[in-house]
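**Student:**
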Amino acid sequence: MTPADLSRTVLHAVHRAVAENALHAPVPARVRVERTRPGGSGDYACAVALQLAGDAGLPALEVARILRERVAAEPGIGRVEITGPGFLSFTLDAPGDSDRAVLDAVREQGSAYGHGGALRDEVLQFHHAREVRAAVTADAVRRLVISQGARVRISCEEAGEAEWGLLGVTVDAHGTPPLPLTPLRPVPAGATAGELLERLGADATRWGLLRPASHDRAPLGEELLVQGEANPLFRVRYAHARATALARGAAALGFTSAPDAAPHEGPARPLLDLLADHPRVLLAAARHRAPDRVARQLEAVAHAFFDFHDSCPPLPSGDEKPSAAHRSRLALAEAAGTVLAGGLSLLGISAPEHL
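Residue numbering for the sequence shown follows my numbering, starting at 1 and increasing by one per position.
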């Protein structure tokens with residue numbers, strides 16, 4: 001069971017409790033579960049009972065008891081405890097089950113890992129100015145909300161630059177349509193698409209425009225082209241390229257990853273947690289119209305990947321034989337590469353296999 005699965009399970013328990021008149025409160029749009037902090041109980045914790053207590057007119061501990069009854073018997077959950085003022089703490093059936101579930105989900109869903117249907121009932125209309133950063137931001141937001149099931153239309157105040165197409169930008173309508181609009185107005189780039197393309201190319205331009213939060217200025221200097229770890233874009237793309245190179249190297253040595261295993265070494269934990277959290281990050285980025293959240297997530301995944309890679313090499317060296325540990329490490333490295341490629345795609349940026 002992944003954190004996303006657990007979140008859906010708890011949300012389903014809330015729906016059941018309301019439908020059965022055990023709980024009188026509005027059902028939240030989503031429920032957040034988090035890794036238990038050091039010294040805490042169980043594998044994951046959730047504060048939904050505290051969130052619902054006021055509307056339900058019940059103490060949080062009573063809300064927690066109502067929900068525990070409906071979650072405890074679900075497959076994959078070993079134990080549900082109530083801690084503190086009303087937190088639900090979950091222990092999964094067996095250590096490592098959730099990690100294997102994450103790797104299985106990435107393997108099965110590929111670059112669509114983290115996509116979902118949370119926004120499937122929404123029909124959105126985004127509107128932006130005739131400015132390159134606004135256009136690229138609208139395109140990235142379109143990709144994000146579609147990944148979560150929404151239908152979306154983009155309009156621009158007037159016809160844009162011809163070079164917008166080279167940045168992957170499309171506009172459905174020009175002028176202000178007579179519909180409810182969501183304006184997208186990031187701080188302007190201060191340059192045209194043609195100028196940025198000539199100086200930086202499409203991928204670096206998009207990263208430079210999308211990586212800062214929309215209310216911040218976008219640094220668009222030559223540092224975006226530096227081929228070194230000081231450049232976050234290079235580091236993210238290099239992590240993806242390295243992950244694909246590991247798979248090629250393993251194939252040359254005659255072994256593949258182990259899809260039913262997750263590495264247990266300490267350095268694997270941060271990377272596994274980031275991969276497990278990826279669906280939540282994508283949904284939050286879509287809801288808040290914030291592609292910069294995806295960029296920061298990819299940076300964190302790349303950093304954790306290299307820490308893991310350097311501490312726990314996925315390939316044997318010298319006369320060393322491929323072992324079960326190498327196969328499980330390779331599975332994690334491949335999953336990281338898949339998540340990086342999928343995230344870059346949502347930003348409209350390529351993920352080359354060779355750098």
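Backbone N, C-alpha and C fix where the C-beta goes; we use that ideal spot for every residue, glycine too.
Quick one: what does DSSP say P232 is sitting in, helix, strand or coil?
**Tutor:** Looking at P232 - three-state DSSP - the assignment turns out to be helix.
**Student:** Using the C-alpha atoms, what's the distance from A202 back to H264?
**Tutor:** H264 and A202: Cα-Cα distance of roughly 39 Å.
**Student:** Just checking my contact of A140 with R120 at CB under 8 Å: how many whole Å lie between their CB atoms?
**Tutor:** Not quite, the Cβ-Cβ distance comes to about 20 Å (not below 8 Å), so this is no contact.
**Student:** Comparing C-alpha positions only, which one of A45, E158, G116 sits nearest to A135?
**Tutor:** When only C-alpha atoms are compared, the closest one is E158.
**Student:** Among residues of its own chain, excluding the 5 on either side of R143, which ones have a beta-carbon nearer than 6 Å to its beta-carbon?
**Tutor:** Only L346 meet the Cβ criterion.
**Student:** Quick one, are the C-beta atoms of L355 and R211 less than 8 Å apart?
**Tutor:** Contact: no.
**Student:** Q227 lies in the alpha helix (DSSP H); which residues open and close that run?
**Tutor:** Where Q227 is concerned, there is no enclosing alpha helix (DSSP H), given that its DSSP letter is neither H nor E.
**Student:** Taking just the CA atoms, how far does L282 sit from L298?
**Tutor:** If you take the alpha carbons of L298 and L282, they lie about 11 Å apart.
**Student:** Tell me whether R293 sits in a helix, a strand or coil according to DSSP, three-state version.
**Tutor:** Helix at R293.
**Student:** Tell me which same chain residues have a C-beta within less than 6 Å of the C-beta of L23, skipping the five on either side of it?
**Tutor:** Counting only Cβ-Cβ distances below 6 Å, and skipping sequence neighbours, we find A17, A56, I66.
**Student:** In three-state DSSP terms, what is H264?
**Tutor:** In the structure shown, H264 sits in coil (DSSP, three-state: anything other than H, G, I, E or B).
**Student:** Is the beta carbon of I146 sitting closer than 8 Å to the one on V171?
**Tutor:** Contact: no.
**Student:** Just to confirm the assignment: which complete beta strand (DSSP E) runs, minimum length 3, are found wholly within the stretch 31-116?
**Tutor:** Those beta strand (DSSP E) runs which fall completely within the stretch 31-116 and span 3+ residues are 33-35, 44-46, 77-83, 87-92.
**Student:** Note down the Cα distance separating P183 from A295, rounded to an integer number of angstroms.
**Tutor:** About 22 Å.
**Student:** Is there contact here, the stretch 330-344 with the stretch 301-318, by at least three beta-carbon pairs under 8 Å?
**Tutor:** In short, these stretches touch, since the Cβ pair count reaches three.
**Student:** Would you tell me roughly how many angstroms separate the C-alpha atoms of R35 and A45, rounded to the nearest one?
**Tutor:** About 6 Å.
**Student:** For R68, which residues in the same chain have their Cβ closer than 7 Å to its Cβ, ignoring the five residues on either side in sequence?
**Tutor:** Only V80, I82, L88 meet the Cβ criterion.
**Student:** Would you mind working out which of P59, L92, P85, G54 sits nearest V71, comparing C-alpha positions?
**Tutor:** Ranking the options by Cα distance to V71, first place goes to L92.
**Student:** Residues in the same chain with beta-carbon distance under 7 Å from P186, minus the five sequence neighbours each way, listed in chain order, please.
**Tutor:** For P186, where only same-chain residues beyond five positions count, the Cβ hits under 7 Å are R133, A134, T137, S214.
**Student:** Among V31, R206, R289, which residue has its Cα nearest to the Cα of Q51?
**Tutor:** When each option's Cα is compared against that of Q51, the closest is V31.
**Student:** For V63, collect the residues of the same chain with a Cβ closer than 6 Å to its Cβ; drop the 5 residues on either side in sequence, then sort them by chain order.
**Tutor:** The answer, listed in chain order, is A49, L52, A53, A56.
**Student:** Looking at the structure shown, is R153 part of a helix, part of a strand, or coil, going by DSSP?
**Tutor:** Here R153 sits in strand by DSSP.
**Student:** Could you tell me the alpha carbon to alpha carbon distance between L103 and G78, rounded to whole angstroms?
**Tutor:** Looking at the two C-alpha atoms, the distance is approximately 20 Å.
**Student:** Does DSSP classify P183 as helix, strand or coil?
**Tutor:** Of the three classes helix, strand and coil, the one that applies to P183 here is strand, per DSSP.
**Student:** Could you check what DSSP says for F308 in three-state terms: helix, strand or coil?
**Tutor:** If DSSP states are grouped into helix, strand and coil, F308 belongs with the helices.
**Student:** Excluding the 5 residues preceding and the 5 following A101 in the sequence, name in chain order all residues of the same chain whose CB lies nearer than 6 Å to its CB.
**Tutor:** M1, T2, listed in sequence order.
**Student:** Would P75 be called buried (16 or more neighbouring beta carbons within 10 Å of its own) or exposed?
**Tutor:** By the neighbour-count rule (16 or more Cβ atoms within 10 Å), P75 is not buried but exposed.
**Student:** Buried or exposed for T205, please, with buried defined as at least 16 other CB atoms from any protein chain shown within 10 angstroms of its CB.
**Tutor:** With 16 or more other Cβ atoms within 10 Å, it is buried.
**Student:** Between which two residues does the beta strand (DSSP E) containing L124 stretch?
**Tutor:** Start and end: 123-128.
**Student:** I'd like to confirm the pairing. Which residues does DSSP put opposite A173 in its beta bridges?
**Tutor:** Its beta-bridge partners are S155.
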